[in-house]
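Just below is one structure, and these are the notes that go with it.
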Amino acid sequence: MKNFYWQALTLATLLFSASCRKDALTDEWKTSEVSRTALVSHVTVRPATLTSSPLISTVYTYMPAPGQFINESGLGSVTAAQALVGSTTNMVSLGNYGGYIVFGFDHSVVNGAGADIGIYGNPSGPTYQWSEPGIVMVSQDLNANGIPDDPWYELAGSEYSASGTVKNYSVTYYNPHAAGTNVNWKDNQGNSGYVQANAWHTANNYYPAMAPNQDSVTFTGTKLVNTLTSGGILTNLAFAWGYSDSYSGEYATLGYNTVDIANAVNASGQAVTLNAIDFVKVYTGQNCNAGAMLGEISTEVRGARDLHL
Numbered sequence: 154m155k156n157f158y159w160q161a162l163t164l165a166t167l168l169f170s171a172s173c174r175k176d177a178l179t180d181e182w183k184t185s186e187v188s189r190t191a192l193v194s195h196v197t198v199r200p201a202t203l204t205s206s207p208l209i210s211t212v213y214t215y216m217p218a219p220g221q222f223i224n225e226s227g228l229g230s231v232t233a234a235q236a237l238v239g240s241t242t243n244m245v246s247l248g249n250y251g252g253y254i255v256f257g258f259d260h261s262v263v264n265g266a267g268a269d270i271g272i273y274g275n276p277s278g279p280t281y282q283w284s285e286p287g288i289v290m291v292s293q294d295l296n297a298n299g300i301p302d303d304p305w306y307e308l309a310g311s312e313y314s315a316s317g318t319v320k321n322y323s324v325t326y327y328n329p330h331a332a333g334t335n336v337n338w339k340d341n342q343g344n345s346g347y348v349q350a351n352a353w354h355t356a357n358n359y360y361p362a363m364a365p366n367q368d369s370v371t372f373t374g375t376k377l378v379n380t381l382t383s384g385g386i387l388t389n390l391a392f393a394w395g396y397s398d399s400y401s402g403e404y405a406t407l408g409y410n411t412v413d414i415a416n417a418v419n420a421s422g423q424a425v426t427l428n429a430i431d432f433v434k435v436y437t438g439q440n441c442n443a444g445a446m447l448g449e450i451s452t453e454v455r456g457a458r459d460l461h462l
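Residue numbers (this note's numbering): 154 to 462.
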């Protein structure tokens, strides 16, 4: 009986203690955004070691939007996305607006001095300017489960507060269930259009076969203003800084675009302090049709690098 009493008392104490901790944590998360910012800045960091690689170690998700390369083995397949691991020469297409890839490293990327991550793409310039800007987001492994199911934060680039930038933009694509056919879309701004099929990609359905719903798929995020210009040569102009697959003097010198974790913002646009990140998401930031010759504006990714290793 005595043992039973002490077991019951110990159990009650543990339950009370757990309840107190739960209530304290709940109260803490109910406080201001400043308090939540303080919490995410003290997440345990997976340190880099002497054997750590500066390149991508894991591709967690590849979910492209419709596009001319999608469902082709060369640029628009899960196999192509997985080939980014440990490489900066293989390439994957993210399709039209919203299509994305999520990847990580074998360690946490620390928010250090200056730029933290370099992302490889395939923009061209300066004479023939062609960029397909991708927006970059980051996340910390708050629950320490090793998968990217935690809050995401956009790394605000040069256009984050520009007048033509649309926040909370959403677009839905509809599966034509046919190869080499336009893919219609509608957005939450009252606009509609299509991802245009062309004569060079006729054997594949442009709608992503990896989408969980094979009738329609929706992407939501920040939409950047279109920079497509016509003239002697059709061009898609780059942005100043903070985006992948965007041509610049930096890209010409380094071969990649750099982003800074210090530019992280939450969904309300408030700055968030992150001591390190574990996951990176890149998605196509423009919804733009470049015509039958070139097709949709589609961010391409060739790899990424931790700039502190």
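Think of the CB as a built atom: it goes at the ideal place given N, C-alpha and C, for glycine as much as any other residue.
Which word fits residue i, buried or exposed, when buried means at least 16 other C-beta atoms lie within 10 angstroms of its C-beta?
{"i": "residue 217", "result": "buried"}
{"i": "residue 434", "result": "buried"}
{"i": "residue 440", "result": "buried"}
{"i": "residue 456", "result": "buried"}
{"i": "residue 353", "result": "exposed"}
{"i": "residue 344", "result": "exposed"}
{"i": "residue 377", "result": "buried"}
{"i": "residue 386", "result": "exposed"}
{"i": "residue 302", "result": "exposed"}
{"i": "residue 459", "result": "buried"}
{"i": "residue 449", "result": "buried"}
{"i": "residue 438", "result": "buried"}
{"i": "residue 328", "result": "buried"}
{"i": "residue 429", "result": "buried"}
{"i": "residue 197", "result": "exposed"}
{"i": "residue 451", "result": "buried"}
{"i": "residue 349", "result": "buried"}
{"i": "residue 241", "result": "buried"}
Assuming the contact rule is C-beta atoms closer than 8 angstroms, residue i and residue j should be a hit. Round their C-beta distance to whole Å, please.
{"i": "residue 400", "j": "residue 287", "result": "At roughly 13 angstroms, the Cβ-Cβ gap does not stay under 8 angstroms, so residue 400 and residue 287 are not in contact."}
{"i": "residue 213", "j": "residue 256", "result": "6 angstroms"}
{"i": "residue 359", "j": "residue 251", "result": "Their Cβ separation, rounded to whole angstroms, is 14 angstroms, which puts residue 359 and residue 251 out of contact at 8 angstroms."}
{"i": "residue 284", "j": "residue 391", "result": "4 angstroms"}
So what does DSSP say about residue i, is it helix, strand or coil?
{"i": "residue 407", "result": "helix"}
{"i": "residue 216", "result": "strand"}
{"i": "residue 382", "result": "strand"}
{"i": "residue 424", "result": "strand"}
{"i": "residue 178", "result": "Caution applies to residue 178, whose pLDDT of 30 falls short of 50 and renders its modelled position unreliable; the model cannot decide the point."}
{"i": "residue 308", "result": "strand"}
{"i": "residue 192", "result": "Here residue 192 scores only 44 on pLDDT, less than 50, and its place in the model is too uncertain to base an answer on."}
{"i": "residue 325", "result": "strand"}
{"i": "residue 429", "result": "strand"}
{"i": "residue 446", "result": "helix"}
{"i": "residue 402", "result": "helix"}
{"i": "residue 416", "result": "helix"}
{"i": "residue 201", "result": "coil"}
{"i": "residue 231", "result": "helix"}
{"i": "residue 348", "result": "strand"}
{"i": "residue 253", "result": "strand"}
{"i": "residue 275", "result": "coil"}
{"i": "residue 457", "result": "strand"}
{"i": "residue 244", "result": "coil"}
{"i": "residue 259", "result": "strand"}
Are the CB atoms of residue j and residue i within a distance shorter than 9 angstroms?
{"i": "residue 351", "j": "residue 446", "result": "yes"}
{"i": "residue 311", "j": "residue 395", "result": "yes"}
{"i": "residue 308", "j": "residue 319", "result": "no"}
{"i": "residue 239", "j": "residue 209", "result": "yes"}
{"i": "residue 246", "j": "residue 223", "result": "yes"}
{"i": "residue 375", "j": "residue 306", "result": "no"}
{"i": "residue 398", "j": "residue 321", "result": "no"}
{"i": "residue 431", "j": "residue 269", "result": "no"}
{"i": "residue 324", "j": "residue 258", "result": "no"}
{"i": "residue 389", "j": "residue 331", "result": "no"}
{"i": "residue 361", "j": "residue 229", "result": "yes"}
{"i": "residue 201", "j": "residue 461", "result": "yes"}
{"i": "residue 419", "j": "residue 304", "result": "yes"}
{"i": "residue 454", "j": "residue 203", "result": "no"}
{"i": "residue 253", "j": "residue 363", "result": "no"}
{"i": "residue 355", "j": "residue 384", "result": "no"}
{"i": "residue 260", "j": "residue 205", "result": "yes"}
From the beta carbon of residue i, is the nearest beta carbon of chain C less than 9 angstroms away?
{"i": "residue 421", "result": "Protein chains in the displayed structure number just one, and chain C is not present."}
Inter-stretch contact (C-beta, 8 angstroms, three-pair minimum) for the region 407 to 421 and the region 229 to 238: no
Stretch pair the region 321 to 338 + the region 278 to 292: three plus CB contacts closer than 8 angstroms: no
With a threshold of 8 angstroms, are at least 3 pairs of Cβ atoms found where one atom belongs to the region 414 to 432 and the other to the region 249 to 265? yes
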